[in-house]
Every structure is written in C-alpha cells, then in structure tokens.
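Per our numbering, residue 5 is the first one in the sequence shown, and the count goes up by one each step.
Ideal Cβ positions, reconstructed from N, Cα and C, are used throughout, including at glycine.
Below is one structure, written out as structure tokens, with a few remarks after it.
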Amino acid sequence: MKSKSGTIFLSGLIAGTLDILAAIFVYVIILEKTTTIKILQSIASGIFKKEAYTGGSQMIWFGLGFHYLIAFVFAWFYFKIYPYLPFLKKSTVISGFLYGIFVWIIMNLIVLPIVFPVLPEKHFDFPLLLSITILMLFIGLPIASVTKKYYSPLE
C-alpha cells in the first residue's frame, strides 16, 4: 500500500471487520449472551441512547458505521504516531499488542464512561482478559502490521 489514506483505510477496515466478527463469534455464538443485532444497537446507543433499541434496522447500520468509524480513528492515530515512536518499529507483534491494550484503555476507561455514565463495575476476570485479548489480536495487530508495511520501505 503506497498511499497514506489507503493504508489507514485498509488497516481500519481489517481491524474493524476482525473485531466485530470476534465480538459476534464470542458473545453471540460461543457464550450465547446476546445477538448480533443487540451488539450493533448497543454501539449505536452511544449516540442515539434508548432510541437505538427501537429505531429499526437503520440503528443496526448506524452501529456498524460507528464501529468502523472508531476503528478508522484508531488506525489513523497509530499511523500518525508510528514515525515518532521508535519502539513501535522494533516488533510488530509487541507494538500491536501494546496498541490493543491502549485501545482497550481508551475505550473502557475514557470513551465508554463518558458515553454511558452508568456502567457495570469491572473485575479482573476472564471476560476482561478476553476483551483485552480480542483488541490486541484483532485491532492492535492488524493496524500495526498494515502500518509497518507502509513505512517499511522508508525505514
């Protein structure tokens, strides 16, 4: 990938797709805790609040759109900081995993508490570790990999 916008788009698209598929696979198929529709409605509820659950199929599309928007923002941010943080260039796997942890921290300790003032208390348990692992593998690693490919001829 030779263009900046193409690199950001591709890394955000891959990360967003892998992340939503992981959420569906884990929470809908394996754990049977929710449905795909409810996952997407809950994303849309960050903006539309309770209306997201009664607003019909358009809310599902808004939820998917917001999900990808968030993935693209994280892809853009990583792309922008990559040239300035030399440790990101040392190991794609380590930097991807660290970025996944960073994304978890931003989303769970800053964004979600702002958007949803009342959230369940977090405990250091399997669901918490699973959510961090998903972000490390399916957000951090793809974004780090695609971004490194863009910059590697320049390094």
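Under 7 angstroms Cβ to Cβ from THR151, same chain only, skipping five residues before and after it: list those, please. THR11, SER15, TYR82, PHE83 and TYR86
Span separating the alpha-carbon of LEU44 from that of TRP65: 8 angstroms
Between GLY50 and PHE76, how many whole angstroms is the CB-CB distance? I'm expecting something under 8 angstroms. Their Cβ separation, rounded to whole angstroms, is 16 angstroms, which puts GLY50 and PHE76 out of contact at 8 angstroms.
Check whether the Cβ atoms of ALA79 and ILE136 lie closer than 8 angstroms to each other. no
Measuring alpha carbon to alpha carbon, tell me which of SER46, THR96 and ILE41 ends up nearest SER149. THR96
Using the rule of at least 16 other Cβ atoms within 10 Å of the residue's Cβ for burial, across every protein chain shown, is ASP23 buried or exposed? buried
GLY20, buried or exposed, once every other Cβ within 10 Å from all chains shown has been counted against 16: buried
For GLY144 versus TYR103, is the C-beta spacing smaller than 8 angstroms? yes
Would you report the Cα separation of LEU47 and ILE34, rounded to the nearest angstrom? It is Ile, not Leu, that sits at residue 47 in the sequence shown. Those two C-alpha atoms are separated by around 20 angstroms.
Should the segment 126 to 142 be called in touch with the segment 108 to 115, which here means at least 3 C-beta pairs below 8 angstroms? yes
Report the option in TRP108, LEU25, SER61 and LEU17 whose CA atom is closest to the CA atom of MET140. TRP108
Within 10 angstroms of the Cβ of SER99, are there 16 or more other Cβ atoms? Answer buried if so, exposed if not. buried
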